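Colleague: Okay, here's the structure, questions in a sec.
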Amino acid sequence: VSGGTPPYSYVWSTGASDTAMLGGLAPGTYCLTVTDANGCSASACGTVQPYDCSLFALTFQLTEPLCADSANGSITAIPQNASMPVQYQWSTGAQTATLTDIPAGTYSVTATDAAGCTIADTIALTAPARIFTLVEIEPVVCHGDSTGGIFLVTGGGTPPYTWMWHTGDTTHNIEGIPSGYYSVIIEDAHGCQATDTIFVPEPPLLEATVHTTPVSSATAADGTAWFTASGGTPPYTWQWSTGSTDSTLVGLPPGEYCLTLTDALGCTATDCDTIPAFDCSQLALSLEGYLISCNGDSTAGQIQAMVSGGTAPYTFSWSDGSTGQINPINQAGLHSVTVTDANNCMAIDSIVLTAQTATIELSATAEPESCNCAGDGSITLNVSGTYPPFDIAWCDGQTGPVAANLSQCTAPQLCVTVTDSVGCVASATYNLPEPEDDIPPVALAQDVTVFLDAAGQATLDAAQVDAGSSDNCTLDSMWLSQTAFDC
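Residue numbers for the sequence shown follow the working numbering, so the first one is 558 and each next one is one higher.
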């Protein structure tokens, strides 16, 4: 109201007076008459329109969570064309205009203003995508090497990113690393983090194992060598220390044989094995010998090779050309021998011999026969010398120091040969003494009657007259002084 002369008085078409404002009106037309102090008046009408709830609206102020999984976002509902106050009912149960400390998600709200207008809305609160990594792995080339690598492509979250490896590295790629597990923490510009653990593989350990078989004898070259391989990355190539690329070596002498194995990625492994020299250590040789000058005359001796161990048969090669196990010699000095067994193992030994004088001294005691031709004589030989024992051989075939049953009638002399232990020989001849018979015969005669023949003659022999004559030795003969008679 303006103009006129206050104070004013008011009269509404509803009958209300003394107020310039009506409230709580229903839709319709309302008229007011105003009169000032001078009685001047003026009238005006106005229309209250029906309330339009379609104008009631909500806008929202969103604060997104910093990280994909964090709950630090917020939503504030801002009413438009509302009759205040406005009441809220959220899907979370909250009844305030603002939701705080919420994660990303879909939220519903119903708002009612003072005019009873109601509006509902749904809000999607988003967050940055989760931090992710695309991983490319470079395997280790050779077992135990540091040739592996990990290459990361990072996305999601809020760039820029930082990387923190458990190894201390801070780049998105790490190279020149051995096989194993590697952990990384990735952080974006908001401090959001993601972790990952990545395994860098490696091939199995490349291994080569060399095997051998021994030679069959000391001079043989018939050993073999071969190998087995595992691990690494097949296929393999190989080369022996001999230069050969065969898988098996044959016809090998004793020695060390090494193999270098290479796999498809160039990794290498080496192994060696030895074909041992044939074991000849059990073959043993010693020499025993002598060289004797027999009674200062001829020189003779022998050397015997004493062999043990090894494998028979044995062959012998003496320095003088002899080939027997026992070598007869007649020269002083150095003598050597090489013995070779069936496996061609060899042993060598030598001996130095000087001539030693050997003597044989003989003496004998002869026992004559008890009677002539009794055959009970004997000769006992006494032998002494440098190299006993002695072999005694009598020329009648008897052996030993005593030759018995000797007789002057058959062998008045007897020879003997004596050989000592080194082969020296001494000979002698001994006589058998004549028997010594000091007891005379006893002659006994008897009477004999004889008859003359027609010629007047008769004969006698000793046997007819003998009456038992005897002798300590056998009687050789008896005779009569007269054997013929006549008259």
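Note that CB positions come from ideal geometry on N, CA and C, so glycine has one too.
Quantities reported herein were computed from a predicted structural model and do not represent experimental measurements.
For L709, is the classification buried or exposed, using 16 other Cβ atoms within 10 angstroms of its Cβ as the cut-off for buried?
Modeller: Position 152 of the sequence shown, counted from the start, is the residue given in the question as residue 709. So L709 counts as buried.
Colleague: Using 8 angstroms as the threshold, is the segment 854–861 in touch with the segment 874–886, meaning 3 or more CB pairs across them?
Modeller: yes
Colleague: Are the beta-carbon atoms belonging to E744 and G706 less than 7 angstroms from one another?
Modeller: The residue labelled residue 744 in the question sits at position 187 within the sequence shown. The residue labelled residue 706 in the question sits at position 149 within the sequence shown. It is not a contact, given that the beta carbons lie outside the stated cut-off.
Colleague: So A1019 is in the alpha helix (DSSP H); what residue range does that whole segment cover?
Modeller: In the sequence shown, counting from the first residue as 1, residue 1019 sits at position 462. Unbroken alpha helix (DSSP H) run through A1019: 1019–1022.
Colleague: Exposed or buried, G823, counting other C-beta atoms within 10 Å across all chains shown (16 or more means buried)?
Modeller: Within the sequence shown, the letter at position 266 stands for residue 823. Looking at its Cβ environment, which holds fewer than 16 other Cβ atoms inside 10 Å, G823 is exposed.
Colleague: Please state whether DSSP places S611 in a helix, a strand or coil.
Modeller: As a first step, residue 611 must be located in the sequence shown, where it is residue number 54. Of the three classes helix, strand and coil, the one that applies to S611 here is helix, per DSSP.
Colleague: Taking all protein chains shown into account, do 16 or more other C-beta atoms lie within 10 angstroms of the C-beta of A1012, making it buried, or fewer, making it exposed?
Modeller: What you label residue 1012 is simply residue 455 of the sequence shown in a count that begins at 1. That one is exposed.
Colleague: Which complete beta strand (DSSP E) runs does the segment 587–643 hold, if anything under 3 residues is left out?
Modeller: 598–605, 614–620, 630–637
Colleague: Do the segment 751–765 and the segment 780–793 meet, that is, are 3 or more Cβ pairs less than 8 angstroms apart?
Modeller: With a cut-off of 8 angstroms, the segment 780–793 and the segment 751–765 count as touching, because enough Cβ pairs lie within range.
Colleague: Of the choices L919, T916, W875, whose alpha-carbon is the least far from that of S907?
Modeller: The count along the sequence shown starts at 1 and reaches residue 907 at position 350. The candidate whose alpha carbon is nearest that of S907 is W875.
Colleague: Taking E993 as the reference, which of G934, T679, T576, I917 has the closest Cα?
Modeller: Sequence index remark: in the sequence shown, residue 993 carries index 436 (1-based). E993 has its Cα closest to that of G934, out of G934, T679, T576, I917.
Colleague: How big is the Cα-Cα spacing for A834 and L840?
Modeller: Within the sequence shown, the letter at position 277 stands for residue 834. Within the sequence shown, the letter at position 283 stands for residue 840. About 14 angstroms.
Colleague: Would you report the Cα separation of C624 and T724, rounded to the nearest angstrom?
Modeller: Taking the sequence shown and counting its residues from 1, one reaches residue 624 at position 67. Taking the sequence shown and counting its residues from 1, one reaches residue 724 at position 167. Spanning the two alpha carbons is a distance of roughly 26 angstroms.
Colleague: When you compare only the Cα positions, how much space is there between T967 and W951?
Modeller: In the sequence shown, the residue the question calls residue 967 occupies position 410. In the sequence shown, the residue the question calls residue 951 occupies position 394. Straight-line measurement puts the Cα of W951 at about 15 angstroms from the Cα of T967.
Colleague: Given a threshold of 16 other Cβ atoms within 10 Å of its Cβ, counted over all protein chains shown, does F1008 qualify as buried or as exposed?
Modeller: Indexing the sequence shown from 1 puts residue 1008 at position 451. Answer is exposed; the Cβ neighbour count stays below 16.
Colleague: With three or more beta-carbon pairs closer than 8 angstroms as the criterion, would you say the segment 637–655 touches the segment 588–606?
Modeller: no
Colleague: In the segment 758–828, which residue ranges form an unbroken beta strand (DSSP E) of at least 3 residues, counting only runs that do not cross its ends?
Modeller: 764–770, 780–787, 794–797, 805–809, 812–819
Colleague: What number of angstroms, rounded off, separates the C-alpha of S570 from the C-alpha of L612?
Modeller: Along the sequence shown, read from residue 1 onward, the residue named residue 570 stands at position 13. Along the sequence shown, read from residue 1 onward, the residue named residue 612 stands at position 55. Those two C-alpha atoms are separated by around 30 angstroms.
Colleague: Quick check on DSSP: helix, strand or coil for H892?
Modeller: Residue mapping note: residue 892 aligns to position 335 of the sequence shown, counting from 1. In this structure, H892 counts as strand in the three-state DSSP scheme.
Colleague: Using DSSP's beta-bridge definition, name the partner residues of Y738.
Modeller: Translated into the one-based positions of the sequence shown, residue 738 becomes position 181. Answer by DSSP bridge pairing, in chain order: F756.
Colleague: Give the single residue among D658, A672, T616, A677 whose Cα lies nearest to the Cα of S665.
Modeller: Within the sequence shown, residue 665 is the residue found at index 108, counting from 1. Ranking D658, A672, T616, A677 by Cα distance to S665 puts A677 first.
Colleague: My assumption, with CB atoms under 8 angstroms, is that N929 sits in contact with Q955. Please give the rounded CB distance.
Modeller: Taking the first residue of the sequence shown as position 1, residue 929 is located at position 372. Taking the first residue of the sequence shown as position 1, residue 955 is located at position 398. Not quite, the Cβ-Cβ distance comes to about 22 angstroms (not below 8 angstroms), so this is no contact.
Colleague: Please list, in chain order, all residues of the same chain as A826 whose beta carbon is under 6 angstroms from its beta carbon, the five residues on each side excluded.
Modeller: As a working mapping, residue 826 is identified with position 269 in the sequence shown. Excluding sequence neighbours, A826 sits near L763, E764, A765, L818.
Colleague: Where do the ends of the beta strand (DSSP E) carrying M903 lie?
Modeller: To locate residue 903, count along the sequence shown from 1; it is residue 346. M903 -> beta strand (DSSP E) spans 903–910.
Colleague: Using DSSP with H/G/I as helix, E/B as strand and the rest coil, what is P885?
Modeller: As a working mapping, residue 885 is identified with position 328 in the sequence shown. Reduced to three states, the DSSP call for P885 is strand.
Colleague: Which of the three DSSP states, helix, strand or coil, is assigned to L1037?
Modeller: The residue given as residue 1037 occupies position 480 in the sequence shown. Residue state for L1037 is assigned as coil, using DSSP reduced to three classes.
Colleague: Name the DSSP bridge partner or partners of E695?
Modeller: Your numbering for residue 695 matches position 138 in the sequence shown. Bridge partners of E695: G706.
Colleague: Determine the direct distance from the alpha carbon of W722 to that of Y738, and round the result to whole angstroms.
Modeller: Here residue 738 refers to the residue found at position 181 of the sequence shown. Here residue 722 refers to the residue found at position 165 of the sequence shown. Distance between the alpha carbons of Y738 and W722 is about 11 angstroms.
Colleague: Using CA atoms only, rank isn't needed, just tell me which of T576, L844, G867, C597 is closest to C588.
Modeller: Here residue 588 refers to the residue found at position 31 when the sequence shown is read from its first residue. For C588, the nearest C-alpha among the options comes from T576.
Colleague: Any idea what DSSP makes of Q970, helix, strand or coil?
Modeller: As a working note, residue 970 is residue 413 in the sequence shown. Q970: strand per DSSP, three-state reduction.
Colleague: At a cut of 8 angstroms, does the segment 682–701 reach the segment 614–621 through at least three beta carbon pairs?
Modeller: yes
Colleague: Compare the beta carbon distance of V979 and Y847 with 7 angstroms and say whether it is the shorter of the two.
Modeller: One-based indexing of the sequence shown puts residue 979 at position 422. One-based indexing of the sequence shown puts residue 847 at position 290. Contact: yes.
Colleague: Would you identify the three-state DSSP class for M578, choosing helix, strand or coil?
Modeller: As a first step, residue 578 is located in the sequence shown; it is residue number 21 there, counting from the start. DSSP places M578 in coil when its eight states are reduced to three.
Colleague: Taking the Cβ atom as the reference point for each residue, do D593 and Y567 lie within a distance shorter than 7 angstroms?
Modeller: Here residue 593 refers to the residue found at position 36 of the sequence shown. Here residue 567 refers to the residue found at position 10 of the sequence shown. The answer is no: Cβ separation not under 7 angstroms.
Colleague: Ends of the beta strand (DSSP E) at C851?
Modeller: Working through the sequence shown from its first residue, we reach residue 851 at position 294. 841–851 is the span of the beta strand (DSSP E), which, as asked, contains C851.
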